[in-house]
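If you count the sequence shown from 1, position 33 lands on 349 in our numbering, and the numbers rise without skipping.
Note that CB positions come from ideal geometry on N, CA and C, so glycine has one too.
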Amino acid sequence: MKFSRLLSTGFGAGYCPWAPGTAGAILAAAIWCAYAYSIDSYAAVLLITIVLTAVFTILSIPAIDSVEREWGHDASRIVIDEMVGTWMALIAVPPSREWYWPLAALLLFRLFDIWKPLGCRWIDRNISGSWGVMLDDILAGIYAAMILTLFTLL
């Protein structure tokens, strides 16, 4: 149960008394920045981001199931979904990695996570359990990545 709490709360970010989802998203962006700005290879940064997204998605499913039995469905302390969604959006940061691209990815993800457009709200309301918690944020991250990609092409 301790590992499930640690993971589900985004290593404690979910205990933030104000906007825990935003705290989790900021933590994910900070983790990304820590390795993205210390590794020269864009391919390596992209690979690490994809692996983080996949691994944390897979690990989060049983962890969220475990804590939801105690805390209820999609409790505000559960922020691993925001972290995964943020990493999903950060996949679209271009190779140049100027500071405003990860910031735009973070802001776009949070906008779509809160707004819940085009299927996100349906997932949030109709898919129960840990997959419901994760999938709406993954979709919000995909939407953020799509918009970010469009901006990088301009």
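Sequence-distant residues of the same chain with beta carbon closer than 6 angstroms to residue i, five excluded per side
i: residue 407; result: 365, 461
i: residue 377; result: 446
i: residue 465; result: 408
i: residue 468; result: 410
i: residue 457; result: 401, 404, 405, 425
7 angstroms Cβ cutoff met for residue i and residue j
i: residue 326; j: residue 404; result: no
i: residue 379; j: residue 323; result: yes
i: residue 411; j: residue 345; result: no
i: residue 352; j: residue 339; result: no
i: residue 350; j: residue 422; result: no
i: residue 372; j: residue 401; result: no
i: residue 383; j: residue 320; result: yes
i: residue 397; j: residue 440; result: no
Extent of the continuous alpha helix (DSSP H) run through residue i
i: residue 356; result: Looking at the DSSP string, residue 356 is not in any alpha helix (DSSP H), and its letter there is neither H nor E.
i: residue 428; result: 416-431
i: residue 438; result: 436-442
i: residue 392; result: No alpha helix (DSSP H) contains residue 392, which DSSP labels as neither H nor E.
i: residue 327; result: Element bounds for residue 327: n/a, residue is neither H nor E.
Coil, strand or helix - residue i by DSSP
i: residue 410; result: coil
i: residue 373; result: helix
i: residue 467; result: helix
i: residue 334; result: coil
i: residue 317; result: coil
Cβ-based neighbour list, residue i, same chain, cut-off 7 angstroms, excluding 5 preceding and 5 following
i: residue 355; result: 361
i: residue 451; result: 439, 443
Cβ-based neighbour list, residue i, same chain, cut-off 8 angstroms, excluding 5 preceding and 5 following
i: residue 387; result: 393, 394
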